[in-house]
Amino acid sequence: MRNIWTIAKREYNHYFISPIAYVVAFMILLTIGVIFAINIYFYIQNAFQSFGQTPDLSPITGAFAFLLVLSVPALTMRLLSDEARMGTLELLLTAPLRDFELVAGKWLGAMLFILTILAVTLVYPLILNSLVDPGIDQQLMMSSYLGIILIAASFLALGVGISALFTNQVAAFFVTLVVFVFLWWLIGFPASVLQGGASQVFQYLDMKTHFYNSLNVGSIKLADLVYYLSLIALGLFIGTTAVETRRWR
Amino acid sequence: MIQVNGLTKDYGTRRAIESLTFDAEQGEIVGFLGPNGAGKTTTMRILTGYMPPTDGTATVAGYDVVEESLEVRRRVGYLPETVPLYNDMTALDYLKFMADLRHIPNSRDRAYETLEQVNLGDRAESYVGTFSKGMRQRLGLAQALIHRPEVLILDEPTIGLDPAQVVEIRSAIREIGRDRTVLLSTHILSEAQQICDRVLIINKGSIVAEDTPENLQSRLVGSQRVIVRVRGDSDGLANKIMKIKGVRDVEPKTDGSIEFEFGAGQDVRPQVAKAVVQGGYDLLEMKAVGLSLEEIFLELTRDNADAKRVS
Numbered sequence: 156m157r158n159i160w161t162i163a164k165r166e167y168n169h170y171f172i173s174p175i176a177y178v179v180a181f182m183i184l185l186t187i188g189v190i191f192a193i194n195i196y197f198y199i200q201n202a203f204q205s206f207g208q209t210p211d212l213s214p215i216t217g218a219f220a221f222l223l224v225l226s227v228p229a230l231t232m233r234l235l236s237d238e239a240r241m242g243t244l245e246l247l248l249t250a251p252l253r254d255f256e257l258v259a260g261k262w263l264g265a266m267l268f269i270l271t272i273l274a275v276t277l278v279y280p281l282i283l284n285s286l287v288d289p290g291i292d293q294q295l296m297m298s299s300y301l302g303i304i305l306i307a308a309s310f311l312a313l314g315v316g317i318s319a320l321f322t323n324q325v326a327a328f329f330v331t332l333v334v335f336v337f338l339w340w341l342i343g344f345p346a347s348v349l350q351g352g353a354s355q356v357f358q359y360l361d362m363k364t365h366f367y368n369s370l371n372v373g374s375i376k377l378a379d380l381v382y383y384l385s386l387i388a389l390g391l392f393i394g395t396t397a398v399e400t401r402r403w404r
Numbered sequence: 019m020i021q022v023n024g025l026t027k028d029y030g031t032r033r034a035i036e037s038l039t040f041d042a043e044q045g046e047i048v049g050f051l052g053p054n055g056a057g058k059t060t061t062m063r064i065l066t067g068y069m070p071p072t073d074g075t076a077t078v079a080g081y082d083v084v085e086e087s088l089e090v091r092r093r094v095g096y097l098p099e100t101v102p103l104y105n106d107m108t109a110l111d112y113l114k115f116m117a118d119l120r121h122i123p124n125s126r127d128r129a130y131e132t133l134e135q136v137n138l139g140d141r142a143e144s145y146v147g148t149f150s151k152g153m154r155q156r157l158g159l160a161q162a163l164i165h166r167p168e169v170l171i172l173d174e175p176t177i178g179l180d181p182a183q184v185v186e187i188r189s190a191i192r193e194i195g196r197d198r199t200v201l202l203s204t205h206i207l208s209e210a211q212q213i214c215d216r217v218l219i220i221n222k223g224s225i226v227a228e229d230t231p232e233n234l235q236s237r238l239v240g241s242q243r244v245i246v247r248v249r250g251d252s253d254g255l256a257n258k259i260m261k262i263k264g265v266r267d268v269e270p271k272t273d274g275s276i277e278f279e280f281g282a283g284q285d286v287r288p289q290v291a292k293a294v295v296q297g298g299y300d301l302l303e304m305k306a307v308g309l310s311l312e313e314i315f316l317e318l319t320r321d322n323a324d325a326k327r328v329s
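Protein chains in written order, with our numbering: chain A, 156 to 404; chain B, 19 to 329.
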């Protein structure tokens, strides 16, 4: 555990001297800010009409989840591929450190960085809460944020795992992006074509429905949690196995 | 401290090392001498727990490198051939990170202390990316020393350094090696002679010789070759040299110089000089030709082949 933390701390600090991390943080926060402003504008417009609904955060959290598809590959691409390229992997693999601790530490460091960006977005619920009477639906908000955290954790784990397979970070970036696009958009398609059990399987594998249809509308279901936790485990497993196989080459 | 038994490693179909067997005691500096690609790095990587062997066993400080890899890694300091540094960290942060990975209490103090030890105390706050090759090498050494390991494994520790830095690193290693076991690899013969208590010569994955540097030297350098160069025509000089007692294998070269050999312990150079002067030649140069590393390897591999044939 201590080793995981040591690795995570170094990785987290590294993001603050990395231009890519700043670009990612800027892109996410700018987009979220613009979406928030536009939504506030429309809510206010609609509020004077009878069909106005209670404003909530789902447009922001929904956008955040989508932005993770594009930004996580940029955050994870160098995590292990660069260590391999620079030769520092040899240093870590000969330190008294389990392969899993290395991979989990990398993942945790990236997770903490995403959580930092996410923490900045907490100003929007605060603003919204002060604008709306009697305040926003806090349960919905927590469920949405939990959803984002789970998506980020799943993506980051897969990203770290894929990064461990490459020594070139650009290759790691594109493979990660393709995998995310597949999980987010493509894997759900067969569900609408097929019928019965097969359809349900693809339905379950579709990443975005676990968020947009449940967590982002305030329902926390065990099936969704299991889905995300499985992806995290899968990503970390791929990463650990990839690091281990490097030893055998 | 280090015991290696029948160690073999294959990369796919290529055999990198074959049935290596050797050991190293505490307080001993053992040199691993061999040409590039001889299997030095592979052996070191196995001993540091980086990769498992295909066959054979190795124990370091009493722990098996495969079964008890973490225990081995706790007790070994390793400087790989490409010094593994993070350019985006300061020297102090880097060493603190390494100290934290090894659970050293007061890691910051220890990091600073170790930096002082390798004469980098004044560059503690500098980014590693700005370091010269020599400084990087010293920082790499500091990283290997941070946990005061029982066993130190150094892969080509002086490669790419300028002569002053080489002297510095060598004396540092001697100092460190007083109470620790040091295994270092090099392809420089004189380096092995200067630092090591014992030398293992490895070629094509097998140990071809193992002895103290002095013994190896006398075993290999049974005779001394000398080259003599005179101004102008050297005709006739070769005959004069040939007549001197103890001289063997006189070989006039096409460039006019003459190369010859004499047995160890019977230095004939004064007589040769006299012959040159008496013959009225203008002496330009007379120098000993040392056996180059390549020749030693040729010698050793030939010995090895002969030995195999006999057995």
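All residues carry an ideal CB built from backbone N, CA and C; glycine is no exception.
By DSSP's criteria, Leu305(A) is part of a beta bridge. Which residues make up the other side?
On the first sequence, position 150 is the one that residue 305(A) refers to. In DSSP, Leu305(A) forms no bridge with anything.
Tell me whether Asp73(B) is buried or exposed, calling it buried when 16 or more other Cβ atoms sit within 10 Å of its Cβ.
Working through the second sequence from its first residue, we reach residue 73(B) at position 55. So Asp73(B) ends up on the exposed side.
Relative to chain A, which residues along the segment 113-138 of chain B have a C-beta separation below 9 Å, given in chain order?
Phe115, Met116, Asp118, Leu119, Arg120, His121
Next on the checklist: With three or more C-beta pairs closer than 8 Å as the rule, is the segment 43-58 of chain B touching the segment 195-205 of chain B?
Outcome noted: yes
Could you confirm whether any beta carbon from chain A is found closer than 9 Å to the beta carbon of Asp106(B)?
-> Sequence index remark: in the second sequence, residue 106(B) carries index 88 (1-based). Judged by the 9 Å Cβ criterion, Asp106(B) is in contact with chain A.
State the DSSP-derived secondary structure class of Val61(B), mapped to helix, strand or coil. Working through the second sequence from its first residue, we reach residue 61(B) at position 43. Reading off the sequence, residue 61(B) comes out as Thr, not Val. Three-state result, Thr61(B): helix.
**Item:** Straight-line Cα distance separating Gln155(B) from Ile187(B)
**Value:** Working through the second sequence from its first residue, we reach residue 187(B) at position 169. Working through the second sequence from its first residue, we reach residue 155(B) at position 137. Approximately 9 Å between the Cα atoms of the pair.
Going along chain A, which residues have a C-beta under 9 Å from Leu88(B)? For the purposes of this step, residue 88(B) is identified with residue 70 of the second sequence, where counting begins at 1. Here the neighbours are Pro251, Leu252, Arg253.
*Who pairs with Leu25(B) in a beta bridge, going by DSSP?*
Here residue 25(B) refers to the residue found at position 7 when the second sequence is read from its first residue. Bridge partners of Leu25(B): Leu38(B).
Q: For Thr161(A), go through chain B and note every residue whose CB falls closer than 8 Å to its CB, in chain order.
A: Here residue 161(A) corresponds to residue number 6 of the first sequence, with the count starting at 1. What Thr161(A) touches in chain B: Phe115, Asp118, Leu119.
Check your understanding: Buried or exposed: which applies to His121(B), given that a residue is buried once 16 or more other Cβ atoms fall within 10 Å of its Cβ?
Key -> Position 103 of the second sequence, counting from 1, holds the residue named residue 121(B). Classification of His121(B): exposed, given that the 10 Å Cβ count is below 16.
Contact check, Gln333(B) vs Arg198(B), beta carbons under 9 Å:
Summary: the structure shown does not reach residue 333(B), with chain B confined to residues 19 through 329, and so no result is reported for it.
Fill in: Burial state of Leu263(A), where buried means 16 or more other Cβ atoms lie within 10 Å
Working through the first sequence from its first residue, we reach residue 263(A) at position 108. It is buried - the Cβ of Leu263(A) has at least 16 other Cβ atoms within 10 Å.
request  = Say whether chain B places a C-beta atom closer than 9 Å to the C-beta of Asn158(A).
outcome  = On the first sequence, position 3 is the one that residue 158(A) refers to. Answer yes: the Cβ-Cβ gap between Asn158(A) and chain B drops below 9 Å somewhere.
| Under 9 Å between C-beta atoms, does Val200(B) make it to chain A? | As a first step, residue 200(B) must be located in the second sequence, where it is residue number 182. Closer than 9 Å: no.
Do Leu159(B) and Val48(B) have their beta-carbon atoms positioned less than 9 Å apart in this structure? As a first step, residue 48(B) must be located in the second sequence, where it is residue number 30. As a first step, residue 159(B) must be located in the second sequence, where it is residue number 141. In this structure, Leu159(B) does not lie closer than 9 Å to Val48(B) by Cβ.
For this session: Using a Cβ-Cβ cut-off of 9 Å, state whether Arg233(A) counts as contacting chain B.
Result: Residue 233(A) sits at position 78 when you count from the first residue of the first sequence. No, because no Cβ of chain B sits closer than 9 Å to the Cβ of Arg233(A).
Problem set entry | Thr199(B) CB to nearest heavy atom of the ligand SAM below 8 Å | As far as ligands go, the structure on display features none, and thus does not contain the ligand SAM.
ask   = I think Ala327(A) touches Val227(A), with their Cβ atoms under 8 Å apart; what is that distance to the nearest whole Å?
value = As a working mapping, residue 327(A) is identified with position 172 in the first sequence. As a working mapping, residue 227(A) is identified with position 72 in the first sequence. Going by Cβ atoms, the distance from Ala327(A) to Val227(A) rounds to 12 Å, so no, they are not a contact pair.
**Message:** Do Asp254(A) and Glu166(A) have their beta-carbon atoms positioned less than 9 Å apart in this structure?
**Reply:** Taking the first residue of the first sequence as position 1, residue 166(A) is located at position 11. Taking the first residue of the first sequence as position 1, residue 254(A) is located at position 99. No, the pair does not count as a contact, with Cβ atoms beyond the cut-off.
Determine the extent of the alpha helix (DSSP H) in which Met304(B) is found, giving its start and end residues. The count along the second sequence starts at 1 and reaches residue 304(B) at position 286. Not the alpha helix (DSSP H): Met304(B) falls in the beta strand (DSSP E), residues 301-307.
Relative to the C-alpha of Tyr104(B), which residue among Glu89(B), Gln161(B), Arg91(B) is closest? Taking the second sequence and counting its residues from 1, one reaches residue 104(B) at position 86. Ranking Glu89(B), Gln161(B), Arg91(B) by Cα distance to Tyr104(B) puts Gln161(B) first.
Can at least three beta-carbon pairs, one atom from the segment 171-185 of chain B and one from the segment 107-115 of chain B, be found at a separation below 8 Å? no
#### Entry: Between the CA atoms of Phe181(A) and Ser173(A) - distance to the nearest angstrom
The residue given as residue 173(A) occupies position 18 in the first sequence. The residue given as residue 181(A) occupies position 26 in the first sequence. So the alpha carbons of these two residues sit roughly 13 Å apart.
Check: Are three or more beta carbon pairs between the segment 250-257 of chain B and the segment 83-96 of chain B nearer than 8 Å?
Finding: no
Alpha carbon to alpha carbon, how far is Asp118(B) from Asp140(B)? On the second sequence, residue 118(B) is found 100 positions in, with the first residue counted as 1. On the second sequence, residue 140(B) is found 122 positions in, with the first residue counted as 1. Distance between the alpha carbons of Asp118(B) and Asp140(B) is about 22 Å.
| query | Quick one: is Trp403(A) near chain B, going by C-beta distance under 9 Å? | reply | Along the first sequence, read from residue 1 onward, the residue named residue 403(A) stands at position 248. Judged by the 9 Å Cβ criterion, Trp403(A) is in contact with chain B.
Practice prompt. Determine the direct distance from the alpha carbon of Met266(A) to that of Met156(A), and round the result to whole angstroms.
Written response: The sequence position of residue 156(A) within the first sequence is 1, counting from 1. The sequence position of residue 266(A) within the first sequence is 111, counting from 1. The straight-line gap from Cα to Cα measures roughly 16 Å.
*Count the other CB atoms within 10 Å of the CB of Ile159(A); is the residue buried (16 or more) or exposed (fewer)?*
Locating residue 159(A) in the first sequence gives position 4, counting from the first residue. Buried.
- When burial is assigned at 16 or more other CB atoms within 10 Å of the CB, is Tyr382(A) buried or exposed? Taking the first residue of the first sequence as position 1, residue 382(A) is located at position 227. When all chains shown are included, Tyr382(A) counts as buried.
- Query: Can you tell me where the alpha helix (DSSP H) with Ile183(A) in it begins and where it stops?
  - Reply: In the first sequence, the residue the question calls residue 183(A) occupies position 28. It spans 174-202 - the alpha helix (DSSP H) in which Ile183(A) sits, taken as one unbroken run.
Leaving out five residues before and five after Asp237(A) in sequence, what residues of the same chain have Cβ atoms less than 7 Å from its Cβ? In the first sequence, the residue the question calls residue 237(A) occupies position 82. Closer than 7 Å at the Cβ level, and outside the excluded window around Asp237(A), lie Gln324.
* Asked: How big is the Cα-Cα spacing for Leu301(A) and His365(A)?
  -> Working through the first sequence from its first residue, we reach residue 301(A) at position 146. Working through the first sequence from its first residue, we reach residue 365(A) at position 210. When rounded, the distance between both Cα atoms is 12 Å.
Trp403(A) and Pro98(B) - do their beta-carbons sit closer together than 9 Å? For the purposes of this step, residue 98(B) is identified with residue 80 of the second sequence, where counting begins at 1. For the purposes of this step, residue 403(A) is identified with residue 248 of the first sequence, where counting begins at 1. Against a cut-off of 9 Å, the Cβ pair of Trp403(A) and Pro98(B) comes out as no contact.
Practice problem: Confirm, please, whether the CB-CB distance from Val226(B) to Leu301(B) is below 9 Å. | Solution: What you label residue 301(B) is simply residue 283 of the second sequence in a count that begins at 1. What you label residue 226(B) is simply residue 208 of the second sequence in a count that begins at 1. No. Outside cutoff.
Requested in this report: Could you check if Pro289(A) is buried or exposed, using at least 16 other CB atoms within 10 Å of its CB as the buried criterion?
Outcome: Against the first sequence, residue 289(A) aligns to sequence position 134. Flag for Pro289(A) reads exposed.
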